[in-house]
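Each remark here refers to the structure printed beneath this line.
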Amino acid sequence: MQLVECDDESSTDLHKDTDKGSININELNNATPRQLAQLFIVVSAKLRLAALIAFLSARAAKGERTVVFLSTCDSVDYHHALLTSMESTLGSGKDVVDDEVESSGIFGKACPIFKLHGDIPHNKRMTTINDFNSNQQSAILLATDNAAGCSAGYGDYIIGMEEYLQAYFEAVEEDQKYSCEYEKNYGDCICNGENQGDDFNAEYCEYDCYMGKGMEYCVDKNPYEENNGNNNKQNQEMELREMAECRQLEANNNNNNRRQLEDAQAAYYLGAYCSENGGSIHLGLFTEDICSQFADANAGATTYASLTGKSLPYSGTTLIGSECMSCKEPQEVNQNGENQNNANDQEDADQVKEVCEQLYANSGKCEANLSNSNVKYPNNNACNFMQGIKIVRKNGTIIRGAGSLNTTASIFIGLFACSFVLIGGCVYYLKTKLDRARVNLSE
Numbered sequence: 010m011q012l013v014e015c016d017d018e019s020s021t022d023l024h025k026d027t028d029k030g031s032i033n034i035n036e037l038n039n040a041t042p043r044q045l046a047q048l049f050i051v052v053s054a055k056l057r058l059a060a061l062i063a064f065l066s067a068r069a070a071k072g073e074r075t076v077v078f079l080s081t082c083d084s085v086d087y088h089h090a091l092l093t094s095m096e097s098t099l100g101s102g103k104d105v106v107d108d109e110v111e112s113s114g115i116f117g118k119a120c121p122i123f124k125l126h127g128d129i130p131h132n133k134r135m136t137t138i139n140d141f142n143s144n145q146q147s148a149i150l151l152a153t154d155n156a157a158g159c160s161a162g163y164g165d166y167i168i169g170m171e172e173y174l175q176a177y178f179e180a181v182e183e184d185q186k187y188s189c190e191y192e193k194n195y196g197d198c199i200c201n202g203e204n205q206g207d208d209f210n211a212e213y214c215e216y217d218c219y220m221g222k223g224m225e226y227c228v229d230k231n232p233y234e235e236n237n238g239n240n241n242k243q244n245q246e247m248e249l250r251e252m253a254e255c256r257q258l259e260a261n262n263n264n265n266n267r268r269q270l271e272d273a274q275a276a277y278y279l280g281a282y283c284s285e286n287g288g289s290i291h292l293g294l295f296t297e298d299i300c301s302q303f304a305d306a307n308a309g310a311t312t313y314a315s316l317t318g319k320s321l322p323y324s325g326t327t328l329i330g331s332e333c334m335s336c337k338e339p340q341e342v343n344q345n346g347e348n349q350n351n352a353n354d355q356e357d358a359d360q361v362k363e364v365c366e367q368l369y370a371n372s373g374k375c376e377a378n379l380s381n382s383n384v385k386y387p388n389n390n391a392c393n394f395m396q397g398i399k400i401v402r403k404n405g406t407i408i409r410g411a412g413s414l415n416t417t418a419s420i421f422i423g424l425f426a427c428s429f430v431l432i433g434g435c436v437y438y439l440k441t442k443l444d445r446a447r448v449n450l451s452e
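Residue numbers (the numbering used here): 10 to 452.
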């Protein structure tokens, strides 16, 4: 498959100094091919689907094979069902609909649409790959970025956001601490003063080494600057953890906005919340102590800025990373270069991090796909719950929480409302008739 540049003028090359938008990712010989041109187009959310269809139509018209990577399996299924159910108008210029002919998709029979992700059985995945590769004309493959996946031997788990954040911060801290100790005792940042001159400074050595490797988290202070507080990094980490736990916003001591915050009629609370598509976690400002009602339409960011004079941290960026983190206990290295088990979890006979053990123990589990593995008693208590909150929007975005009512529920609600109105009208009519039929016996 040959990747080509977009003809649209709105496409922007990622490296303006290179020709035709090619990107020099790595100077090594085994890096990406020189003929690979990587470009991107920035469009608004409501135009993404239209832009995608227009781009794929142009590729299909030229007889090219194209792979479209999507973020989730559900998004792949959605886009595949949508594109294959639409009538073909490619090349004909006419909107012809024939109910007797099965739809071949918006790009016609000459451009079949395939899908590939980890939830598809392995044998069908292999068939899809072979069919896509053997197609002599144009073809489109919708896939996740890791389509290998697995159709068995895995489980789904769900846990509260605050508990997950606490475990996430702890896991990140442990991994960073291990990396720092490894570099200091066994890696490139050994600054013990051996074979060094009289002017050697271990603090300068370690600082320069860590900063040169991009490991700023290993540095507590800058030895080149005076009056550095040793607890700046710890205070920032602790402050971030506290903000993620839904705590009341406190006024700064030396800030003109302190009086404005103290005089505010309502208390404000900082806490974490899931983004609308469920793919990231941000900080927001809320008006109650359970952090469910935003202080304004901008997730509290506008109110926070007016009260503190600062921008709300992590309002536009996520608190957590999307990279995978290993649950295997690392092997610590002492100053003699000898490996030893993680001192934080020495009492366990297994090699699993304590953080992962706690997350697993406290999470809701759906282990239906672990039946054929070595798990003797799979736990499926949370399968129905997770299936109920896994909702896909019309644009393919997966959201968490209650979705829109289905058609059946909407019909019954409408019938109930109409029946209520009719019954109310009948009661009013009968009451009016009875009032008119009353006879004053005293006369």
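Each residue gets a CB set at the ideal place from its N, CA and C atoms; glycine is no exception. For clarity, every value in this text was computed on a predicted model and none was experimentally measured.
| Item | Value |
| --- | --- |
| Alpha-carbon spacing of E338 relative to K362, whole angstroms | 5 Å |
| From Y173, D140 and P121, residue whose alpha carbon lies closest to that of A148 | P121 |
| Local Cβ density within 10 Å of F295, reported as buried at 16 or more and exposed below that | buried |
| Start and end residues, alpha helix (DSSP H) containing K193 | M170 to N194 |
| Minimum C-alpha distance to Y216 - residue among D229, L151, N371 and G206 | D229 |
| Three-way DSSP call (helix, strand, coil) for I422 in this model | helix |
| Pick from M395, E171, T312 and K385 that is closest to K374, judged by C-alpha positions | M395 |
| Own chain partners of D197 with C-beta closer than 8 Å, once the 5 adjacent residues on each side are dropped | C218 and K222 |
| Option in F116, I422, A176 and T441 with minimal Cα separation from R68 | F116 |
| Rounded Cβ spacing between C255 and D305 (contact assumed at less than 8 Å) | Not quite, the Cβ-Cβ distance comes to about 17 Å (not below 8 Å), so this is no contact. |
| Reference Y277; option with closest CA among R250, T312 and L249 | T312 |
| The alpha helix (DSSP H) enclosing G364, as first and last residue numbers | In the sequence under discussion, the amino acid at residue 364 is Val, which differs from the Gly named in the question. Where V364 is concerned, the enclosing alpha helix (DSSP H) stretches over E363 to N371. |
| Beta-ladder partner(s) of I290, from DSSP | C283 |
| Residue burial classification, G114 (beta-carbon count within 10 angstroms, cutoff 16) | buried |
| Neighbourhood of Y166 by C-beta, 6 Å cutoff - its chain only, sequence neighbours within 5 removed | S372 and K374 |
| Cβ neighbour criterion (16 or more within 10 Å) applied to M252 | buried |
| Bridge-paired residues (DSSP) for T5 | With the chain covering only 10 through 452, there is no way to say anything about residue 5. |
| Environment of S84 [buried if 16+ CB atoms lie within 10 Å] | buried |
| D86 (DSSP reduced to helix, strand or coil) | helix |
| Test item: CB-CB of L328 and L174 under 8 Å | yes |
| Closest by C-alpha distance to Y195, when choosing among Q340, F425 and V436 | Q340 |
| Three-state secondary structure assigned by DSSP to I50 | coil |
| Anticipated Cβ contact below 8 Å, T153 with F49, distance rounded | Contact doesn't hold; Cβ gap of about 19 Å is too wide. |
| Segment limits, beta strand (DSSP E) that includes K124 | I122 to L125 |
| Exposure label - H131; buried when at least 16 CB within 10 Å | exposed |
| Residues bridged to I167 (per DSSP) | G373 |
| Distance CB(T137)-CB(L151) smaller than 8 Å | no |
| Coil, strand or helix - K55 by DSSP | helix |
| Backbone CA spacing between E73 and K118 [nearest angstrom] | 14 Å |
| Buried versus exposed call for T441 [16 or more other C-beta atoms within 10 Å across all chains shown] | exposed |
| Residues near C336 in its chain [Cβ-Cβ closer than 7 Å; skip 5 each side] | V361, K362 and C365 |
| Endpoints, alpha helix (DSSP H) assigned at K133 | H131 to S143 |
| Reduced DSSP category for A411 - H, G, I as helix; E, B as strand; rest coil | Only weak support exists for where A411 lies, its pLDDT of 43 falling under 50; the value from the coordinates is given anyway. DSSP places A411 in coil when its eight states are reduced to three. |
| Nearest candidate by alpha-carbon position, reference L61, set Q205, Y437 and H88 | H88 |
| Cα-Cα separation between Y323 and R57, rounded to whole angstroms | 26 Å |
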